[in-house]
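Chemist:
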Amino acid sequence: MNSIEKLINYHRLELEEYKEVLSCWKEKEIQEKLKKEAVKLRKNHYGTKVFPRGLIEFTNYCKNNCYYCGIRRDNNHADRYRLSKDEMLECCKNGYDLGFRTFVLQGGEDPYYTDERMVDIIRSIKLLYPECAITLSIGEKSRESYALFRKAGADRYLLRHETANEEHYGKLHPASMSLSNRKQCLYYLKELGYQVGAGFMVGSPGQTLDCIAEDLIFLQELKPHMIGIGPFIPHHDTIYANEKAGSVELTLFLLSVIRLMLPKVLLPATTALGTLDPFGREKGIEAGANVVMPNLSPVKNRKLYDLYDNKICTGEEAAECKGCLSRRMEKIGYQLVYERGDALE
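Numbering that gives the first Met the number 0 numbers the first residue of the sequence shown as 0 and each following residue consecutively.
#1: Below 6 Å CB to CB, which residues in the same chain sit around P51 once its five sequence neighbours on both sides are set aside?
#2: Give the C-beta separation of V201 and G229 to the nearest angstrom, bearing in mind that I take them to be a contact with Cβ-Cβ under 8 Å.
#3: With DSSP run on the structure shown, which of helix, strand or coil describes G287?
#4: Let me make sure I understand the geometry here. Which of N309, N164, H235, A212 has the alpha-carbon closest to that of T270?
#5: What residue range does the beta strand (DSSP E) around L191 cover?
#6: Compare the C-alpha of E86 against each of E315, G332, G322, V298 and name the closest.
#7: Can you give, in chain order, each stretch of the alpha helix (DSSP H) that sits fully within the segment 295-319 and has at least 4 residues?
#8: Helix, strand or coil: which one does DSSP assign to V378?
#9: So L306 and I70 are supposed to be a Cβ contact under 8 Å. How far apart are they, rounded?
#10: Is it right to say G192 is buried, meaning 16 or more other beta carbons lie within 10 angstroms of its own, or is it exposed?
#11: Going by C-alpha distance, which of I257, E319, A212, D341 is nearest A163?
#12: Within the continuous alpha helix (DSSP H) that includes E28, where are the two ends?
#13: For I7, which residues in the same chain have their Cβ closer than 7 Å to its Cβ, ignoring the five residues on either side in sequence?
#14: Check whether the Cβ atoms of I55 and K84 sit closer than 8 Å, and answer yes or no.
#15: Tell me, please, whether the CB atom of Y111 is closer than 8 Å to any CB atom in chain C?
#16: Cα separation between E108 and I238?
#17: Run through DSSP, which three-state label would M176 get?
#18: With distance defined between alpha-carbon atoms, name the residue in L253, T47, A197, F148 nearest to I221.
#19: Quick check on the burial criterion: 16 or more other C-beta atoms within 10 angstroms. Buried or exposed for A240?
#20: Would you call the CB atoms of G340 and T101 closer than 8 Å?
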């Protein structure tokens with residue numbers, strides 16, 4: 000049995016087998032075969048449901064200096080902002096009234112939002128919207144901090160590992176950051192009972208297909224509930240400004256591979272996909288994804304949460320974004336479903 004058939008039938012491969020699968024990614028016949036099997040699996044577990052998550056980008060301050068990121072600490076051209084608790088609650092109210100039942104609080108690693116502040120924000124949201132899931136995406140913290148957030152009512156945590164290869168990690172991050180700590184954070188989150196999300200950029204500077212094979216092995220071992228992958232898109236104020244963007248086609252291939260690898264995973268069709276391809280999010284759903292993340296942030300702040308260039312939907316009101324996505328999904332035979340959309344165990 001070759002590696003493609005083994006992936007389809009057993010959902011688990013060794014490192015060399017993943018390398019073999021990835022070496023075929025440009026072959027149309029294999030792309031279509033994996034896509035078909037991925038969609039079949041996704042429909043077996045989730046039907047034609049697509050879960051929208053209400054994204055609230057609440058701060059673009061960050062203490063880190065990741066080389067690829069537009070809101071890195073040393074970017075002096077970034078126009079910084081922070082949302083107050085009241086502004087965040089207003090975003091939640093707007094989202095709740097539109098039907099959203101998951102709120103994703105995403106920001107840079109901003110020391111202003113101490114554990115005490117975050118606990119207060121999480122509790123306040125949970126008190127007002129007890130049936131809603133709260134997802135945090137605020138970076139590397141101590142196990143103690145994660146435990147406090149969990150106790151306050153946080154349900155999920157997104158922390159992209161970015162790469163499972165040490166050398167590649169060093170090309171993307173300063174020496175003050177470590178891959179081992181990143182991975183340890185993900186294991187802490189799992190221990191504490193979060194629904195955990197990891198993931199990586201496709202086509203980031205220095206990435207090889209062998210690096211991606213290592214990512215797949217790490218994800219296979221971690222068994223996260225959510226996996227976020229999207230193509231790398233350069234930002235003009237970073238050292239990688241002139242690097243070319245990642246491949247939409249390879250990203251779609253990997254969405255299918257990941258669905259086959261972890262059949263019940265929650266898998267977003269990311270904004271980055273939609274930024275590089277006008278039908279990127281639809282193509283992501285058709286490759287096996289089942290989550291989209293419309294923006295609930297105040298329109299005045301959206302352009303400022305500037306991780307990469309030319310991000311889409313920065314001028315739309317949340318209701319416009321919801322309506323547009325809903326129509327797009329219906330056009331390809333899927334439905335936005337306004338429920339918590341927890342991962343299946």
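For each residue, glycine too, the CB sits at the ideal point set by N, CA and C.
Modeler: The answer reads as follows:
#1: Here the set comprises V291, P293, L335.
#2: At roughly 7 Å, the Cβ-Cβ gap stays under 8 Å, so V201 and G229 are in contact.
#3: If DSSP states are grouped into helix, strand and coil, G287 belongs with coil.
#4: Of the candidates N309, N164, H235, A212, the one whose C-alpha sits nearest the C-alpha of T270 is N309.
#5: Annotation for L191: no beta strand (DSSP E) segment contains it, and DSSP assigns it neither H nor E.
#6: Checked all of E315, G332, G322, V298; the closest Cα to E86 is V298.
#7: Correct list: 298-301.
#8: Here the chain covers residues 0 to 344 and nothing more, so residue 378 does not appear.
#9: That belief holds up - the Cβ atoms of L306 and I70 are roughly 6 Å apart, short of 8 Å.
#10: Around the beta carbon of G192, a 10 Å sphere encloses fewer than 16 other beta carbons of the protein chains shown; the residue is thus reported as exposed.
#11: It is A212.
#12: Segment 27-45, the alpha helix (DSSP H) holding E28.
#13: Non-local C-beta neighbours of I7 in its own chain, meaning closer than 7 Å and more than five positions away in sequence, comprise E36, L259, ordered along the chain.
#14: No; because the gap between Cβ atoms is not below 8 Å, this pair is not in contact.
#15: In summary, chain C is missing from the structure at hand, where a single protein chain is found.
#16: Their backbone Cα atoms lie some 20 Å apart in a straight line.
#17: In the structure shown, M176 sits in coil (DSSP, three-state: anything other than H, G, I, E or B).
#18: Here residue 221 turns out to be Leu, not Ile, going by the sequence shown. Cα-wise, what sits closest to L221 is A197.
#19: The residue is exposed, with fewer than 16 neighbouring Cβ atoms inside 10 Å.
#20: Cβ distance < 8 Å, so G340 and T101 count as in contact.
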